[in-house]
Each structure stands twice: as C-alpha cells, then as structure tokens.
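Asks: According to mature numbering (1 follows the signal peptide of the UniProt record, and there is no 0), the stretch in the sequence shown is residues -19 to -1, 1 to 227, in order.
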Amino acid sequence: MCRYLYSGAVFLFAFAALAAPVHWDGEANDGLWSNPRNWSNDMLPKVGDSVVIERERVVYDVDTDNGNLPEGLSIWLKQEAELSVAKVIRLYDAYLSVESGCRLSGGSWWDLDGGTLEFEDGAIVDVNEWEQKDSNHFKFKLGPQGFRPLTPHRVNLGHGSLAASMKNITFTVDMAAYKGGSQTIVLFDFFRNDCGIDARNFEAVSVNIVNAGEYQVSLQWNDKTDSVELVVLGVAQTETLGLLVL
C-alpha cells in the first residue's frame, strides 16, 4: 500500500524569493542554453543558482559531462516558457517549477537524476524518454476541475547512487483550488512503459495529499493505460484507509 500523508498545510507553488536569480535575456538570439550572452550578466548558470526563464523557448544543448546541469539548480519556467532538450539533460538534484502554459519538450532523453519537479494544472510535458532515477519528487497543483495530464512518451526507471525502485519516488498533490467533485484524474499518461511499473510495485511510492478538505483521495497505477491516476471521492473516510491526518 502507498504510504500516505494528509495535511492541511499551505503548499506553495508560487515564485519564491530568490537570491540574485539568473535570468534568461536571449541577447544572442540563438535560443541556446550554452551561449553566455543569453543570460543576465553574460554568465552561464552555475552550481546552486536560481534560474528564471519567462516567455521564451530555450534549447538545452549541453552535450558534455553526460548533459549534467550544474548541481542543485532551481529552474522556474514562467509565462509560457519552454525548456527543450537537444540530446540529453540530467537534472543532478535540480528543482524545476513548470507553471501553467509552460512546456518541457525534446525528442531525446530526460534523466531526472535526483530532481524535484512541480507542475501546475496546464503545464505541458511532451518529451520522448522520461527516466526516473534516484530520489524523485513530483508535485502537482490541481486546478478547479482537475489536472491536464502530463504525457512523456516512454517511462524508464534508472539507477544512480540508489537502486532502481519505486520506493524512491514521492508524489505530492495540492488540492487547494480543486472543486471538481468525485472523479479519476490522470496525472501522468505514458505511451510506453519499458521498466515494468505495475499497480503492485507502484504501491511502494510515498504520497502526500495537501488541502484535501472533505475529499477521500488515493493514488494508483493503471496497468491498462500506463498512467498515474488520482482517485477523488466526495466523502472523506480516513479511518477506513488508515491515513495519518494532521
């Protein structure tokens, strides 16, 4: 059974206060991440930086060091920005926030290596390879009617410093804006599942449900559609589910 935590705490997806963030200004007019002229102060993002991309399409074209991002970046996609990958990107413990209308794209490889990814309802994921690796945390902010499914083409489960396992994955769902009643909401909808994820081993993931109110909520893997589904029922019955309520 998935490990559940229900909480009424405020879950912030809003733009946080950043210390001297690095902004994309696109001065080189080539759209390439690797060109320092495209960044504020004409300097590439470095380890631990906070990166803000607004309105523009940025191509991550770094092909050295296995496509690693600088370690521990925080990346904010805002106002219909797009981050597209030319070959491969390795998140390397990055935090990535994708606002509604913003997009992750690229027909190549997304290695999520230790990454935390936040998605607002209306965010778009249109990538080919989606490799979950080490400790990954996926966060979802529902809209009033639910959530637009994220659609990576193929899901993989890799291993880095940790063995490949669903127990290394956490899902957090913020329902503060939700008014859609009882329904099944698709969060991820994969076209191919090449790593053997099924309903049984999916139960190893950890699940945090935030601001659920009176809803009874569970998370499941659908073996027929290779999708991650949030099941919302209109009456809370936490005592029968054995959930921890804070």
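Beta carbons: idealized from backbone N, C-alpha and C, even for Gly.
Report yes if the CB atom of Leu200 is closer than 7 angstroms to the CB atom of Val213, and no otherwise.
Replies: The residue you call residue 200 lines up with position 219 of the sequence shown. The residue you call residue 213 lines up with position 232 of the sequence shown. No, the pair does not count as a contact, with Cβ atoms beyond the cut-off.
Asks: State the CB to CB distance for the pair Lys114 and Asp92, rounded to an integer number of angstroms; the pair is presumed to be in contact (CB under 8 angstroms).
Replies: Counted from its first residue, the sequence shown places residue 114 at position 133. Counted from its first residue, the sequence shown places residue 92 at position 111. Contact flag correct, Cβ pair sits at about 6 angstroms.
Asks: Are Tyr73 and Asn49 touching if we call contact CB-CB under 7 angstroms?
Replies: Taking the sequence shown and counting its residues from 1, one reaches residue 73 at position 92. Taking the sequence shown and counting its residues from 1, one reaches residue 49 at position 68. Yes, the Cβ-Cβ distance between Tyr73 and Asn49 is below 7 angstroms.
Asks: Note down the Cα distance separating His118 from Asp155, rounded to an integer number of angstroms.
Replies: The residue labelled residue 118 in the question sits at position 137 within the sequence shown. The residue labelled residue 155 in the question sits at position 174 within the sequence shown. Near 13 angstroms, if we compare the C-alpha coordinates of Asp155 and His118.
Asks: Quick check on Asp115: does DSSP put it in helix, strand or coil?
Replies: As a working note, residue 115 is residue 134 in the sequence shown. Looking at Asp115 - three-state DSSP - the assignment turns out to be coil, as it is neither helix nor strand.
Asks: Alpha carbon to alpha carbon, what distance is there between Pro133 and Ser89?
Replies: Translated into positions along the sequence shown, residue 89 becomes position 108. Translated into positions along the sequence shown, residue 133 becomes position 152. The straight-line gap from Cα to Cα measures roughly 11 angstroms.
Asks: What did DSSP end up calling Asn22 once you bin it into helix, strand or coil?
Replies: What you label residue 22 is simply residue 41 of the sequence shown in a count that begins at 1. Correct three-state label for Asn22: helix.
Asks: Write down every uninterrupted run of the beta strand (DSSP E) in the region 134 to 207 whose length is 3 residues or greater and which is fully enclosed by it, in chain order.
Replies: Listed in chain order, they are 135 to 139, 150 to 155, 164 to 170, 187 to 191, 197 to 203.
Asks: Just the Cα atoms here: how many angstroms apart are Ile56 and Thr165?
Replies: Residue mapping note: residue 56 aligns to position 75 of the sequence shown, counting from 1. Residue mapping note: residue 165 aligns to position 184 of the sequence shown, counting from 1. In a straight line, the C-alpha of Ile56 is about 30 angstroms away from that of Thr165.
Asks: Cβ atoms of Asp179 and Asp207: under 7 angstroms apart, would you say?
Replies: Mapped onto the sequence shown, residue 207 falls at position 226. Mapped onto the sequence shown, residue 179 falls at position 198. No, these two residues do not count as a Cβ contact at 7 angstroms.
Asks: Would residue 230 and Leu58 qualify as a contact pair, given that the criterion is a beta-carbon distance under 7 angstroms?
Replies: Not covered by the structure: residue 230. The range shown for the chain is -19 to 227.
Asks: Quick check: the Cα distance between Ala67 and Glu37, rounded to an integer number of angstroms?
Replies: Your numbering for residue 67 matches position 86 in the sequence shown. Your numbering for residue 37 matches position 56 in the sequence shown. Near 16 angstroms, if we compare the C-alpha coordinates of Glu37 and Ala67.
Asks: Ala193 to Ser146, Cα distance in whole Å?
Replies: Within the sequence shown, numbered from 1, the residue matching residue 193 stands at position 212. Within the sequence shown, numbered from 1, the residue matching residue 146 stands at position 165. Rounded to whole angstroms, Ala193 to Ser146 spans 28 angstroms at the Cα level.
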